[in-house]
Amino acid sequence: MADEYKNLVEVLTRSVSEHFAQELFGTKRGATWEWITYGEFNTLVDEFRGGLAALGVGSGDKVAIISNNRVEWATAAYATYGRGASYVPMYEAQLPKEWKFILQDSGAKVVIAATTDIFKKLKEIQSELSTLEHVINMEGDASDEESMATVSAKGKATPAAAIEPATESVAGFIYTSGTTGQPKGVMLSHANVCSNLNALHTILPFEGERSLAFLPWAHSFGQTCELHSLVSSGCSLAINDDVANLVANLSEVKPTVLYAVPRVFNRIYDGVHKQMKAKPAPIQKLFHAGIKNATKVNNGEPIGLLAQIGLNIADKIIFTKVRERFGGRLSMVVSGSAALSTDVAKFIDALGIKVYEGYGLTETSPITSTNFPDNRKIGSVGKAIPGVTVTIDRKATDGHDDGKSGEILVKGPNIMLGYHNRAEENEKVLMEDRTFRTGDLGYLDSDGYLYITGRIKEQYKLENGKYVSPAVLEESLKLSPFIANVMLHGMNKPHNVALVVADAASVKEWAAEEGISVGDIVGNPEVEKLIEREVASFGGDFKGFERPKKCLVITDDFTTENEMLTQSMKLKRRNVMAKYGEALDALYE
């Protein structure tokens with residue numbers, strides 16, 4: 000590979016030099032995709048960087064943004080890096096009180112608003128934020144002094160050359176949407192992020208590929224892997240306009256590679272299996288045999304001639320149609336952010352799309368380990384990436400010992416500088432040699448592959464002394480087409496129970512097919528029996544004491560809006576318990 004990257008300014012400079020006329024970002028306007036090249040994007044960055052300079056932004060300053068993924072988001076990011084400043088991204092869906100906290104905690108000098116509505120809310124609180132000097136509106140035009148267009152116009156008139164930031168300077172803050180308390184600002188240096196990029200170039204070379212961006216760039220997985228990594232690899236990146244349009248956009252963009260989260264694959268898995276149940280028995284048999292034989296082939300196992308013929312037929316009449324949902328050209332996906340079910344991974348793999356599951360945290364920039372070509376074990380999260388060391392602290396199990404798991408410890412150039420304004424928190428997670436204590440439980444096999452078994456803070460002990468790590472079982476139960484979300488409960492109780500969010504549409508469709516009148520889903524005995532069967536089926540591979548004995552069925556899903564989920568879609572267990580705790584405890588009566 001070429002010389003390793005030292006900072007994110009160098010990433011863009013080199014990519015523009017090598018791919019000047021190539022398409023970089025695609026934006027959907029109406030029914031068409033409009034693309035800009037690497038060269039055109041670089042001009043946008045140059046102009047906005049000059050505008051930031053005119054506003055007095057320089058080394059050590061912080062530029063914040065509240066926006067979903069869009070070209071302007073990337074423009075502002077690379078312009079900020081080129082001023083030697085730090086980028087502080089936030090989500091449009093966050094509450095105003097969270098924006099205020101992050102702006103105050105980070106000491107932002109400038110904040111960019113995606114919409115006029117957000118801009119107005121920020122102007123209302125600007126006087127309460129001592130460091131905030133400028134609020135910029137993306138939606139304003141050149142006649143508006145506080146618009147992004149005006150700032151860029153000033154930069155075009157008075158350009159400012161890019162500053163080469165020091166490798167250990169703070170490239171950005173990623174505020175982890177904590178499941179408890181206020182978010183923590185993770186400080187990532189240029190060296191941190193570039194260590195991930197350099198490792199990915201070695202093991203996952205994505206040169207010149209085409210992708211669809213739908214992971215939030217305000218999250219470290221989306222920002223490092225989907226944005227910076229693909230830009231550094233000379234890829235073309237269409238920006239998904241709305242989650243509701245994801246499937247349609249996949250078919251239009253026809254990506255060759257994707258970074259994604261398990262939820263995307265889970266929905267495809269659920270949908271296909273649901274459709275197969277409605278097909279004639281011979282088609283169902285062909286489908287299941289095809290998956291089974293494709294898995295054998297992928298594992299290097301021989302299959303007979305008749306099995307191969309059946310697999311070819313299944314691929315032609317079934318698997319090809321499923322691949323078309325991803326655009327028909329997708330050959331490789333990297334899954335992260337949450338656990339991917341082994342069954343789902345084998346299913347996607349059998350379709351002819353290689354799945355590489357990885358693991359990491361915001362604090363590790365984020366990638367710590369991943370599967371990659373010729374180094375893959377489904378069910379694992381792969382090997383430590385080049386330059387990173389993973390060890391297991393068997394003593395740190397919080398009393399739970401399965402004979403092999405312990406706390407996952409990570410050491411390498413990807414470890415964060417620290418949490419902003421959180422000295423005590425830093426002491427808890429950063430050891431003297433800067434090894435990072437992840438708080439996650441896992442083990443390494445004899446070949447160096449890492450397996451995740453839980454999270455120390457989430458695991459709890461039943462009344463009988465047995466420990467439960469709920470997240471893994473919860474992810475498995477959510478594979479049911481009838482379960483939209485779920486949370487286990489059982490700390491110091493005789494057994495587990497579960498709060499189950501029913502997928503109302505699927506339940507009603509099932510009821511219609513079965514000729515059952517369900518009326519209200521909540522409290523309906525037939526629905527409760529259905530959910531119990533699904534829990535038994537999708538939780539069947541787990542130990543008896545882990546599976547819930549009773550379920551409380553609801554239809555109000557966990558969302559970021561009702562503060563049951565973080566912005567990275569992790570469960571806020573305290574908030575869920577505050578609302579449903581009494582009802583869950585009543586299941587033990």
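Going by numbering that gives the first Met the number 0, the sequence shown wraps up at 588, each residue one higher than the last. Each residue gets a CB set at the ideal place from its N, CA and C atoms; glycine is no exception. The structure presented is a predicted model; accordingly, all values stated were derived computationally and were not measured.
**Message:** Give the list of continuous beta strand (DSSP E) stretches no shorter than 3 residues that lie fully inside the stretch 364-423.
**Reply:** 366-369, 388-392, 405-410
**Request:** Have a look at residue 0 and residue 32 and give me their C-alpha separation to the nearest angstrom.
**Result:** Residue mapping note: residue 0 aligns to position 1 of the sequence shown, counting from 1. Residue mapping note: residue 32 aligns to position 33 of the sequence shown, counting from 1. For residue 0, the pLDDT reaches just 49, beneath the cut-off of 50, and the residue's location in the model is therefore unreliable, leaving the point undetermined.
**Prompt:** Between the stretch 455-463 and the stretch 500-513, are three or more C-beta pairs nearer than 8 Å?
**Reply:** no
**Reference residue 205, options 226, 188, 232, closest by Cα** = Start at 1 with the first residue of the sequence shown, and residue 205 comes out as number 206. The shortest C-alpha separation from residue 205 is found at 232.
**Request:** Consult DSSP for residue 361 and reduce its assignment to one of helix, strand or coil.
**Result:** Counting from one through the sequence shown, the residue named residue 361 turns up at place 362. Here residue 361 sits in helix by DSSP.
**Asked** Should residue 422 go down as buried or exposed, given a rule of 16 or more other Cβ atoms within 10 Å for buried?
**Response** Taking the first residue of the sequence shown as 1, we reach residue 422 at position 423. So residue 422 counts as exposed.
**Segments assigned alpha helix (DSSP H), at least 4 residues, entirely inside the stretch 221-295** = 245-252, 261-276
**Item:** Range of the contiguous alpha helix (DSSP H) that encloses residue 49
**Value:** By one-based count along the sequence shown, residue 49 stands at place 50. Taken as a continuous stretch (DSSP letters only), the alpha helix (DSSP H) holding residue 49 covers 37-53.
**C-alpha distance - residue 58 paired with residue 570, whole-angstrom precision** = Indexing the sequence shown from 1 puts residue 58 at position 59. Indexing the sequence shown from 1 puts residue 570 at position 571. Taking the straight line from one Cα to the other gives about 37 Å.
**Item:** Beta-bridge partners of residue 85, as assigned by DSSP
**Value:** Counting from 1 along the sequence shown, the entry for residue 85 is found at position 86. According to DSSP, residue 85 bridges with 61.
**Request:** With a threshold of 16 other CB atoms inside 10 Å of the CB of residue 222, please say whether the residue is buried or exposed.
**Result:** As a first step, residue 222 must be located in the sequence shown, where it is residue number 223. Its Cβ being crowded by 16 or more others within 10 Å, residue 222 is buried.
**Asked** Leaving out five residues before and five after residue 619 in sequence, what residues of the same chain have Cβ atoms less than 7 Å from its Cβ?
**Response** Not covered by the structure: residue 619. The range shown for the chain is 0 to 588.
**Asked** Curious, which full-length beta strand (DSSP E) runs of at least 3 residues does the stretch 529-566 contain?
**Response** 549-553
**Item:** Buried versus exposed call for residue 48 [16 or more other C-beta atoms within 10 Å across all chains shown]
**Value:** Here residue 48 corresponds to residue number 49 of the sequence shown, with the count starting at 1. By the neighbour-count rule (16 or more Cβ atoms within 10 Å), residue 48 is buried.
**Message:** Are the CB atoms of residue 556 and residue 500 within a distance shorter than 7 Å?
**Reply:** Here residue 500 is taken as the residue at index 501 of the sequence shown, counted from 1. Here residue 556 is taken as the residue at index 557 of the sequence shown, counted from 1. Yes, Cβ-Cβ distance for residue 500 and residue 556 is below 7 Å.
**Prompt:** Near residue 316, what residues of its chain come up, given a Cβ to Cβ distance below 6 Å and the 5 sequence neighbours on each side ignored?
**Reply:** One-based indexing of the sequence shown puts residue 316 at position 317. Cβ within range, chain order: n/a, list empty.
**Prompt:** Quick one, which of 111, 201, 416 has its alpha-carbon nearest residue 363's?
**Reply:** Your numbering for residue 363 matches position 364 in the sequence shown. Ranking 111, 201, 416 by Cα distance to residue 363 puts 416 first.
**Item:** CA nearest to the CA of residue 544, picked from 96, 553, 466
**Value:** For the purposes of this step, residue 544 is taken as residue 545 along the sequence shown, with counting starting at 1. Measuring from the Cα of residue 544, the nearest candidate turns out to be 466.
**Asked** Which whole-angstrom value describes the C-beta separation of residue 472 and residue 538, a residue pair presumed to lie in contact below a C-beta threshold of 8 Å?
**Response** As a working note, residue 472 is residue 473 in the sequence shown. As a working note, residue 538 is residue 539 in the sequence shown. Yes, they are in contact, since the Cβ atoms of residue 472 and residue 538 sit about 6 Å apart, within 8 Å.
**Request:** Count the other CB atoms, across all protein chains shown, that sit within 10 Å of the CB of residue 445; report buried if there are 16 or more and exposed otherwise.
**Result:** Counted from its first residue, the sequence shown places residue 445 at position 446. Residue 445 should be labelled exposed.
**Asked** Among residues of its own chain, excluding the 5 on either side of residue 365, which ones have a beta-carbon nearer than 7 Å to its beta-carbon?
**Response** As a position in the sequence shown, residue 365 is number 366, starting the count at 1. 219, 220, 223, 359, listed in sequence order.
**Prompt:** Could you give the uninterrupted runs of the beta strand (DSSP E) lying entirely in the stretch 147-205, keeping only those of 3 residues or more?
**Reply:** 169-175, 183-188
**Prompt:** Does DSSP put residue 334 in a helix, in a strand, or in coil?
**Reply:** Indexing the sequence shown from 1 puts residue 334 at position 335. Looking at residue 334 - three-state DSSP - the assignment turns out to be strand.
**Helix, strand or coil at residue 452 according to DSSP, with G and I counted as helix** = Numbered from 1 along the sequence shown, position 453 holds the residue referred to as residue 452. Reduced to three states, the DSSP call for residue 452 is strand.
**Own chain, CB closer than 7 Å to residue 290, minus 5 neighbours either side, in chain order** = Taking the sequence shown and counting its residues from 1, the one referred to as residue 290 is at position 291. Excluding positions up to five away in sequence, the list reads 346, 349.
**Buried versus exposed call for residue 533 [16 or more other C-beta atoms within 10 Å across all chains shown]** = Counted from its first residue, the sequence shown places residue 533 at position 534. Looking at its Cβ environment, which holds 16 or more other Cβ atoms inside 10 Å, residue 533 is buried.
**Same chain only: Cβ atoms within 6 Å of residue 410, ignoring 5 sequence neighbours per side** = Residue mapping note: residue 410 aligns to position 411 of the sequence shown, counting from 1. Within the same chain, residue 410 has close Cβ partners 388, 434.
**Message:** I need the DSSP call for residue 0, collapsed to helix, strand or coil.
**Reply:** For the purposes of this step, residue 0 is identified with residue 1 of the sequence shown, where counting begins at 1. Since pLDDT at residue 0 reaches only 49, below the 50 mark, its modelled position is unreliable, and no value is offered.
**Prompt:** So, are the CB atoms of residue 329 and residue 254 less than 7 Å apart?
**Reply:** Numbered from its first residue, the sequence shown carries residue 329 at position 330. Numbered from its first residue, the sequence shown carries residue 254 at position 255. Yes; because the gap between Cβ atoms is below 7 Å, this pair is in contact.
**Request:** Return yes when at least one heavy atom of the ligand FAD lies under 6 Å from the C-beta of residue 288, else no.
**Result:** In the structure shown, the ligand FAD is absent, as is every other ligand, since no ligand is present at all.
**Asked** For residue 67, which of 137, 484, 61 has the nearest alpha-carbon?
**Response** In the sequence shown, counting from the first residue as 1, residue 67 sits at position 68. Per the Cα distances, 137.
**Request:** Per DSSP, which residues does residue 26 bridge with? Please list them.
**Result:** For the purposes of this step, residue 26 is taken as the residue at position 27 of the sequence shown. Paired residue(s): 33, 238.
**Request:** Please list, in chain order, all residues of the same chain as residue 370 whose beta carbon is under 6 Å from its beta carbon, the five residues on each side excluded.
**Result:** Within the sequence shown, numbered from 1, the residue matching residue 370 stands at position 371. Cβ within range, chain order: 355, 356, 381.
**Asked** Got a sec? Which residues, its chain only, sit under 8 Å from residue 481 by beta carbon, not counting five neighbours each side?
**Response** Walking along the sequence shown from the start, residue 481 turns up at place 482. Result list for residue 481: 501, 502, 505, 506, 509, 529, 530, 533, in chain order.
**Asked** Can you list, in chain order, the residues of its chain whose CB lies under 6 Å from that of residue 240, leaving out five sequence neighbours each side?
**Response** To locate residue 240, count along the sequence shown from 1; it is residue 241. Within the same chain, residue 240 has close Cβ partners 27.
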